[in-house]
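In the working numbering, the protein residues as written are 22 to 271. Since the structure comes first, as structure tokens, the remarks are kept for the end.
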Amino acid sequence: MFALLLLTAFFAAGESKLPLQKGYKASGDGLKSEHATQAAAATDEHIFAVSSTTVAMYDRATGKLLAASKDKAEHLNSAFVWKGKVYCAHSNYPKKPETSEIRVYDPATNKLSVFHEFKDPPGSLVWNVHDGKNWWCCFAHYQEDNAKTILIRMTDAFKEEQRWTFPKKVVDDWDKMSTSGGVWDGDTLLVSHHHYKVLYRLKVPKDGAELELVESLECPFPGQGIARDTKTAGLIGIDRGARKVVFAVK
Numbered sequence: 022m023f024a025l026l027l028l029t030a031f032f033a034a035g036e037s038k039l040p041l042q043k044g045y046k047a048s049g050d051g052l053k054s055e056h057a058t059q060a061a062a063a064t065d066e067h068i069f070a071v072s073s074t075t076v077a078m079y080d081r082a083t084g085k086l087l088a089a090s091k092d093k094a095e096h097l098n099s100a101f102v103w104k105g106k107v108y109c110a111h112s113n114y115p116k117k118p119e120t121s122e123i124r125v126y127d128p129a130t131n132k133l134s135v136f137h138e139f140k141d142p143p144g145s146l147v148w149n150v151h152d153g154k155n156w157w158c159c160f161a162h163y164q165e166d167n168a169k170t171i172l173i174r175m176t177d178a179f180k181e182e183q184r185w186t187f188p189k190k191v192v193d194d195w196d197k198m199s200t201s202g203g204v205w206d207g208d209t210l211l212v213s214h215h216h217y218k219v220l221y222r223l224k225v226p227k228d229g230a231e232l233e234l235v236e237s238l239e240c241p242f243p244g245q246g247i248a249r250d251t252k253t254a255g256l257i258g259i260d261r262g263a264r265k266v267v268f269a270v271k
């Protein structure tokens with residue numbers, strides 16, 4: 022089973038079955054990095070490439086590798102820059118019982134440490150973002166259970182406030198996998214696939230427990246973790262097959 026999961030993760034191909042609107046296109050040549058296998062994030066000065074075990078920091082102007090975390094990690098999934106640090110979803114997927122944490126990388130010290138550990142997580146944490154008021158944490162399920170993937174809004178103390186499932190059209194498009202990244206874009210979320218080049222724009226409903234699909238967009242990222250790029254007002258992600266950080270603009 023583990024071998025099958027590895028093959029799915031690294032060699033899955035195909036494309037979204039949903040009609041795609043014009044969305045984001047690649048900008049520039051990107052940055053080659055052996056660590057660009059799970060996610061990427063950026064500040065005006067630095068680029069962060071994330072593998073399952075490592076957060077690597079590069080000089081944005083030169084592309085030079087400045088540091089790479091040495092602290093033990095098992096399965097980092099995403100990267101979100103907040104208040105000068107990088108917050109990464111972390112799990113023990115595909116092991117059971119499931120454990121999930123938010124790990125935080127401090128560029129000033131090159132330390133990767135546990136920021137928050139979830140007790141009895143409702144799935145494997147795949148991405149987390151903060152909107153200035155709340156944490157939004159996505160817990161994934163896969164294969165026949167992928168419809169159980171949920172998004173939870175939490176307080177700063179990680180007390181659950183509300184949870185939502187994903188629309189059936191989106192779940193059916195996941196190819197038995199799940200979402201791998203998400204960012205806020207105004208009052209909607211842009212959510213990435215595991216391995217298709219598509220972004221789902223989702224709206225949190227005023228009432229109800231299911232997110233609403235607004236549109237599906239073209240993008241240059243074959244799935245995995247995405248983040249906002251404040252320098253370009255676009256997005257940053259990866260092409261895992263090419264081991265490359267990819268920048269995207271509208």
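Where is the CB? At the ideal position from N, CA and C, for every residue including glycine. Keep in mind the model is a prediction, meaning the values are calculated, not measured.
In chain order, what residues of the same chain have a beta carbon less than 6 Å from the beta carbon of THR29, not counting five sequence neighbours either side? Confidence at THR29 is low in this model, with a pLDDT of 45, below 50, so the placement of that residue should be treated as unreliable; the coordinate-derived value is given next. Within its own chain, no residue has a Cβ closer than 6 Å to the Cβ of THR29 once the five positions on either side in sequence are excluded.
Measuring only from the beta carbon, is SER90 closer than 7 Å to any heavy atom that is part of the ligand MN? The ligand MN is not part of the structure shown, which contains no ligands of any sort.
Quick check on LEU27: buried or exposed, where buried means 16 or more other Cβ atoms within 10 Å of its Cβ? Confidence in LEU27 is poor, its pLDDT being 45 and thus under 50, which makes the residue's placement too unreliable to answer from.
Beta strand (DSSP E) segments (min. 3 residues) lying fully within the region 84–153: Within the region 84–153, the runs of beta strand (DSSP E) that reach at least 3 residues and sit entirely inside it are, in chain order, 86–89, 101–103, 106–112, 121–127, 132–139, 145–151.
With distances taken from CA atoms, which of PRO115, ASN149, VAL191, THR200 is nearest MET175? Minimum Cα distance to MET175 is reached at ASN149.
With H, G and I counted as helix, E and B as strand and the rest as coil, what does DSSP make of GLY258? Residue state, collapsed to three classes: strand.
Let me know the secondary structure DSSP gives ALA82 once reduced to three states. If DSSP states are grouped into helix, strand and coil, ALA82 belongs with coil.
Cβ neighbour criterion (16 or more within 10 Å) applied to GLY202: Burial call: buried.
Where the alpha helix (DSSP H) containing ASP193 begins and where it ends: It spans 189–193 - the alpha helix (DSSP H) in which ASP193 sits, taken as one unbroken run.
State the Cα-Cα distance for the pair HIS137 and PHE160, rounded to the nearest angstrom. When rounded, the distance between both Cα atoms is 14 Å.
Cβ-based neighbour list, HIS56, same chain, cut-off 6 Å, excluding 5 preceding and 5 following: Its chain contains ALA70, SER72, THR75, ALA77 as the residues whose beta carbon lies nearer than 6 Å to that of HIS56, once the 5 sequence neighbours on both sides are disregarded; these appear in chain order.
Given ASN98 as reference, the closest of LYS104, SER112, LEU39 once Cα atoms are compared: Of LYS104, SER112, LEU39, the residue nearest in Cα terms is SER112.
Does DSSP put LYS224 in a helix, a strand or coil? It is a strand residue.
THR75, enclosing beta strand (DSSP E) - first and last residue: Element bounds for THR75: n/a, residue is neither H nor E.
Look at ILE6 and VAL204 and say whether their C-beta atoms are less than 8 Å apart. Since the first residue of the chain shown is 22 and the last is 271, residue 6 is not available in this structure.
How would you call THR200, buried or exposed, if buried means at least 16 neighbouring beta carbons within 10 angstroms? Of the other Cβ atoms in all chains shown, 16 or more fall within 10 Å of the Cβ of THR200; this residue is therefore buried.
Within 10 Å of its beta-carbon, does SER252 have 16 or more other beta-carbons around it, so buried, or fewer, so exposed? The residue asked about is misnamed: residue 252 is Lys in this sequence, not Ser. Burial is judged here by how many other beta carbons sit within 10 angstroms of a residue's own beta carbon; LYS252 has fewer than 16 and is exposed.
Close-in-space but distant-in-sequence residues of the same chain around LEU210 (CB under 6 Å, 5 per side omitted): The residues are GLY203, LEU223.
TYR126 and VAL107 closer than 8 Å at C-beta: Taking 8 Å as the cut-off, the beta carbon of TYR126 is found closer than this to the beta carbon of VAL107.
What are the boundary residues of the beta strand (DSSP E) that includes PHE242? Run containing PHE242: none; DSSP gives neither H nor E here.
What residues match up with SER213 in a beta bridge as DSSP calls it? DSSP, once it has assigned bridges, lists GLY202, LEU220 as partnering SER213.
Would ALA62 be called buried (16 or more neighbouring beta carbons within 10 Å of its own) or exposed? That one is buried.
Compute the beta-carbon to beta-carbon distance between PRO119 and GLY144, rounded to the nearest angstrom, for a pair I have assumed lies under 8 Å. Here residue 119 turns out to be Glu, not Pro, going by the sequence shown. Taking a contact as a CB-CB distance under 8 Å, the pair GLU119 and GLY144 counts as one, their CB atoms being some 7 Å apart.
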